[in-house]
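Input: a single structure, listed below in structure tokens.
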Amino acid sequence: MKIAAVIVAAGRGLRAGAGQPKQWRPLAGHSSAYFAMRAFADHPQIDRLVLVVSADDFATGDWPTEPAADIVAGGASRSASVFAGLQVLEGTCDQVLIHDAARPCVSRGVIDGVIEALRDGPAAAPAVPVVDALWRGDGGTVAAAVPRDGLYRAQTPQGFHLAEIIAAHRTCLQGAADDVELARRAGLTVAITPGSDDNLKITVPEDFIRAERILRARDGHQTG
Numbered sequence: 745m746k747i748a749a750v751i752v753a754a755g756r757g758l759r760a761g762a763g764q765p766k767q768w769r770p771l772a773g774h775s776s777a778y779f780a781m782r783a784f785a786d787h788p789q790i791d792r793l794v795l796v797v798s799a800d801d802f803a804t805g806d807w808p809t810e811p812a813a814d815i816v817a818g819g820a821s822r823s824a825s826v827f828a829g830l831q832v833l834e835g836t837c838d839q840v841l842i843h844d845a846a847r848p849c850v851s852r853g854v855i856d857g858v859i860e861a862l863r864d865g866p867a868a869a870p871a872v873p874v875v876d877a878l879w880r881g882d883g884g885t886v887a888a889a890v891p892r893d894g895l896y897r898a899q900t901p902q903g904f905h906l907a908e909i910i911a912a913h914r915t916c917l918q919g920a921a922d923d924v925e926l927a928r929r930a931g932l933t934v935a936i937t938p939g940s941d942d943n944l945k946i947t948v949p950e951d952f953i954r955a956e957r958i959l960r961a962r963d964g965h966q967t968g
């Protein structure tokens, strides 16, 4: 089996504050996109890496020069950007892992879990069970408690057999919030694999501090 990874770095990340898109901002001596790419480039089962950037960034070359990756211009939505990356891979590999560039702390264990699950099914993605109490609010007050049984916080990488996720993209042209939603619309069963609280998605400015702390606590070679 040949496995590729598509790193999606075409978003603008407005909630992360002003300045560069969050995936390119300095983080532990590099950037979030760099660490996300590095995790897959260093994995012994990943054969090819594709980085999807926005059309604006494609014109400026504002992305890490290593690890080596095919650079692809994304589209107007996340689904369109992912599909652009998948089309580059068509016919060259069997499986694909799709990962957010804003998740710089993904571990080998999380990646391994997705790859392992793809041996037995067409799709898999990591998640963390919800443990906090959940409320539904109304006008700034608590309106109801929401049962948390069976609820998970979704993460990436989301893994698929390549031919099946490409077919799902081609039949679900309206797009989706993520590739798991799109795969389920296409009738694919998606296995849940173990996620990690460290596999955070940088969303607000404070997340850079937490991500840097996680990266600094790991082996020194990861933070350069």
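If you're matching positions, the sequence shown starts at 745 in my numbering and goes up one per residue. All C-beta atoms, glycine included, are put in the ideal place defined by N, C-alpha and C. This structure is a prediction, so every number in the text was calculated from the model and none was measured.
ask   = Does the Cβ-Cβ distance between A911 and A871 come in under 7 angstroms?
value = Locating residue 911 in the sequence shown gives position 167, counting from the first residue. Locating residue 871 in the sequence shown gives position 127, counting from the first residue. It is not a contact, given that the beta carbons lie outside the stated cut-off.
task = Consult DSSP for D923 and reduce its assignment to one of helix, strand or coil.
result = Residue 923 sits at position 179 when you count from the first residue of the sequence shown. If DSSP states are grouped into helix, strand and coil, D923 belongs with the helices.
query = With a CB to CB cut of under 6 angstroms and the five nearest residues on each side skipped, what residues in its chain are close to H965?
reply = Against the sequence shown, residue 965 aligns to sequence position 221. Residue placement at H965 is flagged as unreliable, the pLDDT there being 43, under the threshold of 50; a coordinate-derived value is accordingly withheld.
C-beta contact flag for F784 and A817 at 7 angstroms = Numbered from 1 along the sequence shown, position 40 holds the residue referred to as residue 784. Numbered from 1 along the sequence shown, position 73 holds the residue referred to as residue 817. Contact: no.
query = Buried or exposed: where does Q767 fall if 16 or more other Cβ atoms within 10 Å of its Cβ makes it buried?
reply = Taking the first residue of the sequence shown as 1, we reach residue 767 at position 23. So Q767 ends up on the buried side.
Own chain, CB closer than 6 angstroms to P873, minus 5 neighbours either side, in chain order = As a first step, residue 873 is located in the sequence shown; it is residue number 129 there, counting from the start. Non-local C-beta neighbours of P873 in its own chain, meaning closer than 6 angstroms and more than five positions away in sequence, comprise Y896, ordered along the chain.
key: 7 angstroms Cβ cutoff met for N943 and R822   = Within the sequence shown, residue 943 is the residue found at index 199, counting from 1. Within the sequence shown, residue 822 is the residue found at index 78, counting from 1. Their beta carbons are not under 7 angstroms apart, which means N943 does not touch R822 by this criterion.
inquiry  = Would the stretch 881 to 890 count as touching the stretch 856 to 872 if we require 3 or more Cβ pairs under 8 angstroms?
reply    = Three or more Cβ pairs closer than 8 angstroms define a contact, and the stretch 881 to 890 falls short of that threshold against the stretch 856 to 872.
key: Q918 classed as buried or exposed, judged by whether at least 16 other C-beta atoms fall within 10 angstroms   = Here residue 918 refers to the residue found at position 174 when the sequence shown is read from its first residue. It is exposed - the Cβ of Q918 has fewer than 16 other Cβ atoms within 10 Å.
inquiry  = Once the 5 residues before and after G903 are set aside, which same chain residues still bring their CB inside 6 angstroms of it?
reply    = The residue labelled residue 903 in the question sits at position 159 within the sequence shown. These residues qualify, in order along the chain: L841, V858, L862, A868.
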